[in-house]
Structure formats: structure tokens, C-alpha cells
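Chemist: A single structure is presented below for examination.
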Amino acid sequence: MRIGELATRTAISVRALRHYDQAGVLSSVRQDTGYRMFTPDDIVREHLRGPLPVQQT
0 MRIGELATRT AISVRALRHY DQAGVLSSVR QDTGYRMFTP DDIVREHLRG
50 PLPVQQT
């Protein structure tokens, strides 16, 4: 699923999901079109994990 659908299903903003993807918290696969693709396992994992970590600056 694309990042927008993951955002809708998890109630997490697209921007936050991109951040977590870059930080390695989530893993995505890039399609030839450049879209990030996530699996349903990403939804389950994030709901079981609870709130995603926020880095302090």
C-alpha cells in the first residue's frame, strides 16, 4: 500500500511516516515509479508497538 493509505489507516501523518521510514523505524520498498510501498504488516507492527518514538533535538 502507498504511504497515503498507511497514513489513513494508522492516523499518522504522511510526513511522520516519511520520517520514520528514513529513521529505519518503518521499512518501505520503492517502486519504479518512486512510490514508497508498505505492507499490511507495517500497520500491525505499529499498532502493537504503540506510539512511535520521537527524537529529541
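FYI, the numbering for the sequence shown is 0 to 56, going by numbering that gives the first Met the number 0.
For every residue, glycine included, the Cβ atom is placed at its ideal position computed from N, Cα and C.
For clarity, every value in this text was computed on a predicted model and none was experimentally measured.
1) Run through the DSSP bridge pairs and tell me what residue 0 is partnered with.
2) By Cβ distance below 7 Å, which residues in the same chain neighbour residue 28 in space, the five residues on each side in sequence not counted?
3) Pull the bridge partners of residue 28 from the DSSP assignment, please.
4) How many Å lie between residue 0 and residue 6 at the Cα?
5) Check the C-beta distance from residue 8 over to residue 42 and give it rounded, since I have them as a contact under 8 Å.
Modeler: Once the coordinates are examined:
1) None, per the DSSP bridge assignment.
2) Counting only residues of its own chain and dropping the five nearest sequence neighbours on each side, residue 28 has a CB closer than 7 Å to the CB of 36.
3) Within the DSSP secondary-structure output, residue 28 pairs in a beta bridge with 36.
4) In this structure, the alpha-carbon of residue 0 lies about 10 Å from that of residue 6.
5) At roughly 5 Å, the Cβ-Cβ gap stays under 8 Å, so residue 8 and residue 42 are in contact.
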